[in-house]
Structure formats: C-alpha cells, structure tokens
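Engineer: Chains as they are written, first to last, in our numbering: chain A, 213 to 373; chain B, 213 to 373.
Below is the structure I would like to discuss, written out as structure tokens.
2 protein chains.
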Amino acid sequence: MSQKNASFKPDPNLDLVLERVIDVPPELVWKAWTEPEHLKKWFSPRPWMTTECEIDLRPGGSFKTVMRSPEGQDFPGHGCILEVVKNEKLVWTDALSGGYRPNGEPFMTAMLILEPSGKGTKYTAIAIHTSEDIRKKHEEMGFHSGWGTALDQLVEYAKSL
Amino acid sequence: MSQKNASFKPDPNLDLVLERVIDVPPELVWKAWTEPEHLKKWFSPRPWMTTECEIDLRPGGSFKTVMRSPEGQDFPGHGCILEVVKNEKLVWTDALSGGYRPNGEPFMTAMLILEPSGKGTKYTAIAIHTSEDIRKKHEEMGFHSGWGTALDQLVEYAKSL
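This is the structure:
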C-alpha cells in the first residue's frame, strides 16, 4: 500500500475537518502550501499576517512560521514535516520540531489531502488532536472560520500564480 | 537528497547516543527491531519483559509495546513510526501515536541507524529529547545501561535467527 492510499479516518470526537472543492488545480495549491514566499501571502486570516516562513520539504524537515497579530505581537511556530507526496498529501505536526525533536506542548497534526476534481481540487484539511478537550478548544478558537478564511485567501492568491 | 543520507546531527545537550559495532548483519538487526514476535524477545532489559508488541511498519503506523516490571506492573507505550528505510534506518516517536495523533506527554524520538561493518553492523541509536532536563532525566533513568543491555540481548537473540 502506498503512503497516499493509506487513508486516515478522522475521529469526530478528536479531529476537525475542512473539506471543500476549490477551482484551482492541485499543482497550484501544492505550490501555495509548500513554498514560503507563497505561503506567507495567504496562511494567516487577515488582518493577521505571516511575517516569516521556512519549509524544509522532507520528512523530518522544519516547518516554521511567525504569525503577527493585528496588535503587532509575534507568534512563532516550529513544527516538523512528516509526509510529502507532491500535489497529493502533506502532513506536518507541532508535536515535533525539525529533526523529529519532540516539542513541549503538542497541539495538533495537520494533514492536507488534495484530489483532482474537474479542473479544480477537492481540498481536505484535517486537524488531528490528542483529546476531546483540545479538539473543543481548537473549535472554539475558530478552526472552521479561520481555516476557511485562509483557504479563501489561498484560492484568491493561487489564481494569481 | 535521499532520506537515508539526510543525516541527523545529535545535540550533546539534548540527545543521547549509543553507538557500537556488533557482529550480526544489518538484515538480522532490522528483523529483530521490526517484527513484533522478535522484538518481544530482546526489547526490555531482563528481568523486565515485553509482553505485547504491535508494529505497523510505515510512516504514520503504530508502534505499541507493553513492558512488564519484575513486580508484574504493566507499562504500555503507544508511539508512531516516522521513517522506514529497510535495513538502514528506523525512526519512531512517542510524541505521536498511530495516525500521527499528538500524545499528551512526549518524551523522545528514537532514531536507529544501521550501517554494514565487515560481516556485522555499526549500530547507532539516538534518543532525541525536547530539553536538557528531559535528556538528564533519561540519562539518570539509565539510558546507557538499559539500551546497552537490550542491545546485548538483541545480538544474542539475532544470532539464533
């Protein structure tokens, strides 16, 4: 079984899922997600900004971002890339940092699955959590509107690529 | 750059390393490490025992063990396989469980590197930690003697395969 076919079944008690068909092809979504200069353009729901981004696109590589709040406060994140199947699947987690080093306070693993759909993409993003409490906290923080707005921004930006 | 050549540089403040040349070939070490019925025979330094083991040998797959103390207390562990390069490299972590789900209390990532050395193997096992405190705790728990004794047991058992 290839990695991309080893499908993950989200647990509704523990995980959050954003699924949508968008009218940009998988290749452009992949580009927007995996190249720092592109990711910075859409990753944070405005008026938040992504001011820095570093991606070492291989299992064990760093996935670093700095998100800046409207008040100017910086929130750095240092995660680890886990799986890379070009144009199809990207998995990273904040439970580890680069080189698979465990992080002190794990919050989630993010799994992105891209499937061709007509001229566009069936886009599935899954946030995988340790517990029901953390899932609820993420939901209350605004997972659906936040990730949805970021996806709107991705689509708008990807069309300019 | 292939995964196996993306070498990891241990940080002496954060990581612990066991390196030894052993007189069994990489193929047998791999077998002893990746097949549950074999792993159970050597994984816990006696008189501890490994009573259960489940390994789904792919990135994202479960790595489960139950270790039993001499007093009969069971210590279940549920980690996640991260990298699999047959006969060469195995990486798993307890910062995630199967399906890349973050674990509540991450302790370490274990990286095993096997290189042919004559008719034997240069065996390198690296325990990767979040902080100097956790590295020290692991050292005080007896990393070197524990992992060393388990490796003695592996060598003895692998020769019977």
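Built from N, CA and C at the ideal position, the CB exists for glycine as well.
The model shown is predicted, which means the values in this text are computed figures rather than measured ones.
Straight-line CA distance for E344/A to K334/B?
Structural biologist: When rounded, the distance between both Cα atoms is 44 Å.
Engineer: If you follow the alpha helix (DSSP H) that Y369/B is in, where does it begin and where does it stop?
Structural biologist: 355 to 370 is the extent of the alpha helix (DSSP H) around Y369/B.
Engineer: Identify which residue in N315/B, M323/B, T321/B, L324/B has its Cα closest to the Cα of T321/A.
Structural biologist: Ranking N315/B, M323/B, T321/B, L324/B by Cα distance to T321/A puts N315/B first.
Engineer: In the DSSP assignment, the alpha helix (DSSP H) including R347/A goes from what residue to what residue?
Structural biologist: Where R347/A is concerned, the enclosing alpha helix (DSSP H) stretches over 344 to 352.
Engineer: So, is L326/B buried or exposed, given that buried needs 16 or more other C-beta atoms within 10 angstroms?
Structural biologist: So L326/B ends up on the buried side.
Engineer: Would you call E249/A buried or exposed, if buried means 16 or more other Cβ atoms sit within 10 Å of its Cβ?
Structural biologist: So E249/A ends up on the exposed side.
Engineer: Across which residues does DSSP place F255/A in a beta bridge pair?
Structural biologist: Its beta-bridge partners do not exist; DSSP assigns none.
Engineer: Go ahead and pull the three-state DSSP assignment for L269/A.
Structural biologist: Correct three-state label for L269/A: coil.
Engineer: Would you call the stretch 261 to 278 of chain A and the stretch 356 to 371 of chain A in contact, with 3 or more CB pairs under 8 Å?
Structural biologist: Not touching, per the Cβ criterion.
Engineer: Can you tell me which of A370/B, T305/B, E266/B puts its alpha carbon nearest to the alpha carbon of I338/B?
Structural biologist: For the residues A370/B, T305/B, E266/B, the minimum Cα distance to I338/B belongs to T305/B.
Engineer: For A339/A, which residues in chain B fall below 7 Å Cβ to Cβ?
Structural biologist: Chain B residues near A339/A: none, gap ~10 Å exceeds 7 Å.
Engineer: From V303/A to L294/A, what does the alpha carbon distance come to, in whole angstroms?
Structural biologist: The straight-line gap from Cα to Cα measures roughly 5 Å.
Engineer: Could you tell me the distance, in whole angstroms, from the CA atom of L324/A to the CA atom of P222/B?
Structural biologist: Rounded to whole angstroms, L324/A to P222/B spans 30 Å at the Cα level.
Engineer: Between L251/A and P288/A, what straight-line distance do the alpha-carbon atoms span, to the nearest angstrom?
Structural biologist: The straight-line gap from Cα to Cα measures roughly 15 Å.
Engineer: Please report the distance separating the alpha-carbon of E231/A from that of H356/A.
Structural biologist: Answer to the nearest angstrom: the Cα atoms are 10 Å apart.
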